[in-house]
Amino acid sequence: MTPPPARLTARPDPAAYHTAPSERGLLPLGLGQGRDGLLYVPTRHPLTGPRPLLVACHGAGSQASHSIRPFVEAAEEHGLILLACDSRGSTWDVIRGGYGPDVEFINRALQLVFSRYAVDPQHLALDGFSDGASYALSLGLGNGDLFSHLLGFSPGFLAPAVQVGQPRIFVSHGTADHVLPIDRCGRVIREELTGAGYDLHYVEFEGGHTVPPEVQREALAWWLG
Numbered sequence: 476m477t478p479p480p481a482r483l484t485a486r487p488d489p490a491a492y493h494t495a496p497s498e499r500g501l502l503p504l505g506l507g508q509g510r511d512g513l514l515y516v517p518t519r520h521p522l523t524g525p526r527p528l529l530v531a532c533h534g535a536g537s538q539a540s541h542s543i544r545p546f547v548e549a550a551e552e553h554g555l556i557l558l559a560c561d562s563r564g565s566t567w568d569v570i571r572g573g574y575g576p577d578v579e580f581i582n583r584a585l586q587l588v589f590s591r592y593a594v595d596p597q598h599l600a601l602d603g604f605s606d607g608a609s610y611a612l613s614l615g616l617g618n619g620d621l622f623s624h625l626l627g628f629s630p631g632f633l634a635p636a637v638q639v640g641q642p643r644i645f646v647s648h649g650t651a652d653h654v655l656p657i658d659r660c661g662r663v664i665r666e667e668l669t670g671a672g673y674d675l676h677y678v679e680f681e682g683g684h685t686v687p688p689e690v691q692r693e694a695l696a697w698w699l700g
């Protein structure tokens, strides 16, 4: 039976737990021409045992490198593996009409990572900013049997095709956000998630459409704690 278009089938591979990482640093996925994605494997951390994996979704009109860059220092400190895919179009598929090509690409990227690196399924997070936050929350709610945590920085909406599992969720939003106003976005999402019974850590900060460093640090401490 073919899985629904919003469902990911990739899963961490226990066989990879006995394989030492052979490649480190910033690595292209090599899965797409033009728009592809990036993997970052820490160069200094010993990476003993299964590692936390952060799968990052960029904002509209952006690319994978913008999602990787803010987390590199934390990856080296904590031994995080970072995965960021380019959306197939200018933004993510569900925003352009429906789940499909981006889900398929992310699934292929996850299969690649799981085959090469030991990933801790208890610390497997999907994160995003702006359109990427909307996508991370929406796709993640439908794949809560894969992602243990979801992180949404300044999201606009929720559009899960299904709701599976009970991932823990972090959402932040600026009170002066003029791109995705907090009253129509962050606070509405907060009510939707708490009303649905999810374990939500919600943060408001004084500022606009951005991710302040202190909010990112709080999100990482929440996830890894």
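To convert, take the position in the sequence shown, counting from 1, and add 475; that gives the numbering used here.
The C-beta atom is built at its ideal place from N, Cα and C for all residues, glycine as well.
Nearest-angstrom Cβ-Cβ length linking G627 and G603, presumed shorter than 8 Å: 6 Å
Candidates L601, F645, P521, R662, of which the one nearest L621 by Cα: Looking at the Cα atoms, L601 is the closest of the given residues.
Should the stretch 480-493 be called in touch with the stretch 506-523, which here means at least 3 C-beta pairs below 8 Å? no
Look at the alpha carbon of L668 and the alpha carbon of P545, and state the distance between them as a whole number of angstroms. Between L668 and P545, the C-alpha separation is close to 26 Å.
Can you give me the Cβ contacts of S623 inside the same chain, cut-off strictly under 8 Å, excluding the 5 residues immediately before and after it? P596, Q597, H598, L599, A600, P642, R643
Looking at Y515: is its Cβ nearer than 8 Å to the Cβ of L483? It is not a contact, given that the beta carbons lie outside the stated cut-off.
Entirely enclosed alpha helix (DSSP H) segments - the stretch 540-601, minimum 4 residues: 547-553, 568-571, 576-591
With P635 and L616 assumed to form a contact (beta carbons below 8 Å), what rounded beta-carbon distance in angstroms separates them? 4 Å
Member of T650, V646, G683, P503 whose CA lies at the smallest distance from the CA of E666: V646
Would you say L601 faces chain D, with C-beta separation under 8 Å as the test? No chain D appears in the structure shown, which is made up of a single protein chain.
Taking the alpha-carbon positions, what's the L612 to H684 distance? 17 Å
To the nearest angstrom, how far is the alpha carbon of E498 from that of G670? 44 Å
Can you name the start and end residues of the beta strand (DSSP E) that Y610 belongs to? Taken as a continuous stretch (DSSP letters only), Y610 belongs to no beta strand (DSSP E), being part of the alpha helix (DSSP H) at 606-616.
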